[in-house]
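**Q**
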Amino acid sequence: MTDLKQELAAVRAELKKHPLDDFKNDILELVSQHGASQQEVVIWLEVYKDISITQSTLSRRLSRWKAQQE
Numbered sequence: 110m111t112d113l114k115q116e117l118a119a120v121r122a123e124l125k126k127h128p129l130d131d132f133k134n135d136i137l138e139l140v141s142q143h144g145a146s147q148q149e150v151v152i153w154l155e156v157y158k159d160i161s162i163t164q165s166t167l168s169r170r171l172s173r174w175k176a177q178q179e
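Counting in my numbering, the sequence shown tops out at residue 179, every number present.
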């Protein structure tokens, strides 16, 4: 039983990770320094990073990151 418990804990830890966090600095740079729109960032993530997200998800994440910076 402990093996299953450990496996489930590992799966839960993976679920908490979000691929956007891996590209946080790149995303913030695209938006703040290069003037990219959220739609452009969503497309950039799909084309160049093979990550599919919605614009609303990106918007929520950007809001959270900007709040943390302040």
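C-beta: ideal position from N, C-alpha, C; glycine also.
Values in this document were obtained by computation on a predicted structure and should not be read as measured data.
(1) Would you say the stretch 118 to 133 touches the stretch 149 to 168, given that touching needs at least three Cβ pairs under 8 Å?
(2) I need the boundaries of the alpha helix (DSSP H) containing residue 149, first residue and last residue.
(3) My output table needs one value for residue 161: the three-state DSSP class, helix, strand or coil.
(4) How big is the Cα-Cα spacing for residue 138 and residue 115?
(5) Could you tell me if residue 136 is buried or exposed, where buried requires 16 or more neighbouring beta carbons within 10 angstroms of its beta carbon?
(6) Please list the terminal residues of the continuous alpha helix (DSSP H) segment that includes residue 142.
(7) Alpha carbon to alpha carbon, how far is residue 144 from residue 120? Give it in angstroms, no decimals.
**A** So, from the listed chains and residues:
(1) yes
(2) Walking along the sequence shown from the start, residue 149 turns up at place 40. Taken as a continuous stretch (DSSP letters only), the alpha helix (DSSP H) holding residue 149 covers 147 to 158.
(3) Here the question's residue 161 lines up with position 52 in the sequence shown. In this structure, residue 161 counts as coil in the three-state DSSP scheme.
(4) Here residue 138 corresponds to residue number 29 of the sequence shown, with the count starting at 1. Here residue 115 corresponds to residue number 6 of the sequence shown, with the count starting at 1. The alpha-carbon atoms of residue 138 and residue 115 are separated by roughly 38 Å.
(5) What you label residue 136 is simply residue 27 of the sequence shown in a count that begins at 1. That one is buried.
(6) For the purposes of this step, residue 142 is taken as residue 33 along the sequence shown, with counting starting at 1. Looking at the DSSP string, residue 142 is not in any alpha helix (DSSP H), and its letter there is neither H nor E.
(7) Walking along the sequence shown from the start, residue 120 turns up at place 11. Walking along the sequence shown from the start, residue 144 turns up at place 35. Roughly 37 Å between the two C-alpha positions.
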